[in-house]
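Chemist: First, the structure itself, so that you have it in front of you.
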Amino acid sequence: MDPVLALSLGRIVIGVGSIASPTLTARLFGLSPADNPQMGFMTRLFGVREIVLGGLTLLAKGDARRTMVLAGMAVDGADAGTGAIALSRKEVPPLPGGMMIAVALSAVGSGGAALAQARTHSQT
């Protein structure tokens, strides 16, 4: 499967889940919505962002698609940094925090691989 397609669809699926059931999504990430009643609001905001990034990346072609992949990588990199800050401040438990950082970094890596693959195909 095309890595850009996989990343985009993954973003959309996570986004829809975050909007449809923010409590379940937060629990899947190892967070406790009961301890933070505002988490549903923030989870839905995250979901909208993911749907927009995924959808726009799917719709984009050529240089615009490359730009959208780079934007996604920047957002995912920022998510990893935010996770590291939250871990260092003990705002999230170690396992969920580490998992969130790992997911964000793997998305950055997938975006980089997608760009490298696209570059290789354009040179042949």
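With my numbering applied, the sequence shown corresponds to residues -6 to 117, in that order.
For glycine and all other residues, C-beta sits at the position ideal for the given N, C-alpha and C.
Please read these numbers as outputs of a predicted model, since none were measured by experiment.
Would you say the segment 79 to 86 touches the segment 51 to 71, given that touching needs at least three Cβ pairs under 8 angstroms?
Modeler: The segment 79 to 86, when compared against the segment 51 to 71, does not touch it at the 8 angstroms Cβ threshold.
Chemist: Relative to the C-alpha of G3, which residue among I78, I44 and P30 is closest?
Modeler: Ranking I78, I44 and P30 by Cα distance to G3 puts I44 first.
Chemist: Excluding five sequence neighbours on each side, which residues of the same chain lie with their C-beta closer than 8 angstroms to the C-beta of L80?
Modeler: Result list for L80: P87, G90, G91 and I94, in chain order.
Chemist: Apart from the five residues on each side of it in sequence, which residues of its chain come closer than 6 angstroms, Cβ to Cβ, to A100?
Modeler: Cβ within range, chain order: D69.
Chemist: Please report the straight-line C-alpha distance between S25 and A(-1), rounded to a whole angstrom.
Modeler: In a straight line, the C-alpha of S25 is about 28 angstroms away from that of A(-1).
Chemist: Could you tell me if M66 is buried or exposed, where buried requires 16 or more neighbouring beta carbons within 10 angstroms of its beta carbon?
Modeler: Buried is the call here.
Chemist: Which of the three DSSP states, helix, strand or coil, is assigned to A13?
Modeler: Helix, per DSSP.
Chemist: Taking DSSP as the reference, what is the three-state secondary structure of L(-2)?
Modeler: The answer is helix: DSSP assigns L(-2) an H, G or I state.
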